[in-house]
Structures are given as structure tokens and as C-alpha cells.
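So in the numbering used here, spot 87 of the sequence shown is number 144, and the numbers just go up one at a time.
So the structure is just underneath, and the comments pick up after that.
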Amino acid sequence: MTRNLNRRVEQLFPVLQPDLAKRVVDIYEIMWTDNVKTRTLDKDGDYKRVDRRGRAPLDSQEYFADQATKLADAQQNSQRPKSGAQFQPMMSPQNQPDPFTDDDGSDEA
58 MTRNLNRRVE QLFPVLQPDL AKRVVDIYEI MWTDNVKTRT LDKDGDYKRV
108 DRRGRAPLDS QEYFADQATK LADAQQNSQR PKSGAQFQPM MSPQNQPDPF
158 TDDDGSDEA
């Protein structure tokens with residue numbers, strides 16, 4: 058695999074907001090404790106799996122995907138209306154349902 062070493066741009070920036078700084082540190086701690094996909098580089102240039110004996114397996118990518126799913130589900134559930142009200146679309150005067158037929162006012166046959 059080739060690497061772009063000549064025209065690469067790298068940037069650093071401070072994270073000043075305390076809660077975001079803590080989140081960044083938490084993310085790195087999870088990544089550093091990943092023992093499923095982590096490999097270490099030996100002196101001879103070979104990559105070896107980390108020793109997982111006695112430790113519970115932790116796949117950081119799977120962990121973050123699960124956390125994102127849980128957060129999205131929680132946000133979706135908290136945004137649902139609490140009442141039993143149902144969305145009623147506004148219709149133009151030409152597309153009003155006819156109360157005397159089964160016509161719902163839509164253009165579909």
C-alpha cells in the first residue's frame with residue numbers, strides 16, 4: 058500500500074470545551090484497550106496480535122457502532138410525541154376528500 062508522504066496535510070487543534078475534551082479522551086481510552094483487532098509492531102517489522110488472555114474481548118469499532126445505535130434509538134424515542142395525535146397533512150381546496158364517497162382527495166386512482 059502506498060502512502061502520501063509528500064503532499065500530506067496534518068492539523069492539530071485544541072479542544073477547549075471540557076465535556077468534549079473528556080469525550081475525546083474516553084474515545085482514545087476505548088481505542089487503546091481494543092484487544093480484538095489491535096496489532097503491535099515488533100522489532101523485526103512483523104505485526105503480532107495482542108495477548109488477550111484473561112481479558113474480555115473489546116472490539117472498539119463494534120463498541121462505537123453499538124453506542125451510536127443506542128444513542129440514535131434514545132433520541133428517536135425521546136422525540137416522539139407523547140400524545141396520541143396523528144399527523145394530518147394539509148390539503149389544497151382542490152384535493153379535499155369527498156365525505157360522501159370513498160375518495161380521499163388524492164390524485165391516485
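Positions of the beta carbon are idealized from the N, C-alpha and C atoms, including for glycine.
Item                                                               : Value
Range covered by the alpha helix (DSSP H) that runs through Leu115 : Here Leu115 belongs to no alpha helix (DSSP H), and DSSP marks it neither H nor E.
Range of the contiguous alpha helix (DSSP H) that encloses Leu77   : Pro75 to Trp89
Sub-9 Å separation of Asn92 and Pro114 beta-carbons                : yes
Lys94 versus Gln74: straight-line alpha-carbon distance, rounded   : 31 Å
Lys105 - partner residues in DSSP beta bridges                     : Thr97
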